[in-house]
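Residue numbers (this note's numbering): 877 to 1047.
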């Protein structure tokens, strides 16, 4: 069983969980990490931690976050929100994946229209099976009824890529 922890607002977490449940048959459990729940999950070993909220909101819980991250294989960080995070994570042995709209992020966007997003991977990554995810672009079509935020697309792309789940053309 794979555990992925997501530090984000609850609505974003639910949106990501819904897309993952619709498109994946893998045994993945998403766990929302919030200020109230963090002390209850400190002993769970996460395959991946995704930081989509500012860690400034978690000043009192930062040691717990460090502890959780120290046992994770992958850490994905929204570097548009967490600009000073790289000093925090350099001590971990996890595979670090940065994402955001800034040009230094490993996962960023090349273009966006009403009907699709072109996600650009700027550095090779390795998925959980040890296979390379090569540099390149991936077009994701957006359904008209879809109300996902840009950062939620990043998270979905990262989870699907790392967990070796085929990325659907439509999200």
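By construction, the Cβ of each residue, glycine as well, lies at the ideal position given by its N, Cα and C atoms.
Between the beta-carbon of residue i and the beta-carbon of residue j, is there less than 8 Å?
{"i": "residue 944", "j": "residue 1031", "result": "no"}
{"i": "residue 996", "j": "residue 1034", "result": "no"}
{"i": "residue 1017", "j": "residue 1037", "result": "no"}
{"i": "residue 879", "j": "residue 907", "result": "yes"}
{"i": "residue 1011", "j": "residue 1023", "result": "no"}
{"i": "residue 914", "j": "residue 890", "result": "no"}
Could you tell me how far apart the beta carbons of residue i and residue j are, in whole angstroms, since I believe they sit closer than 8 Å?
{"i": "residue 877", "j": "residue 905", "result": "6 Å"}
{"i": "residue 882", "j": "residue 909", "result": "6 Å"}
{"i": "residue 1039", "j": "residue 902", "result": "6 Å"}
{"i": "residue 977", "j": "residue 956", "result": "6 Å"}
Looking only at C-alpha atoms, which of the options sits nearest to residue i?
{"i": "residue 1007", "options": "931, 1041 and 1026", "result": "1041"}
{"i": "residue 885", "options": "990, 989 and 911", "result": "911"}
{"i": "residue 949", "options": "1003, 896, 899 and 939", "result": "1003"}
{"i": "residue 990", "options": "980, 1009, 1025 and 895", "result": "1025"}
{"i": "residue 1001", "options": "896, 972, 925 and 980", "result": "972"}
{"i": "residue 1043", "options": "899, 894 and 888", "result": "899"}
{"i": "residue 929", "options": "954, 942 and 940", "result": "954"}
{"i": "residue 979", "options": "970, 959 and 895", "result": "959"}
Which residues in the same chain have their Cβ closer than 6 Å to the Cβ of residue i, if we skip the five residues on either side of it in sequence?
{"i": "residue 994", "result": "986, 987, 1013 and 1015"}
{"i": "residue 888", "result": "1028"}
Once the 5 residues before and after residue i are set aside, which same chain residues still bring their CB inside 7 Å of it?
{"i": "residue 968", "result": "945, 946 and 951"}
Following a CB-centred definition, is residue i positioned closer than 7 Å to any heavy atom of the ligand FAD?
{"i": "residue 1022", "result": "For the ligand FAD, the structure offers nothing, since it holds no ligand at all."}
>> Within 8 Å, do at least three Cβ pairs link the stretch 975-988 to the stretch 910-923?
In response: no
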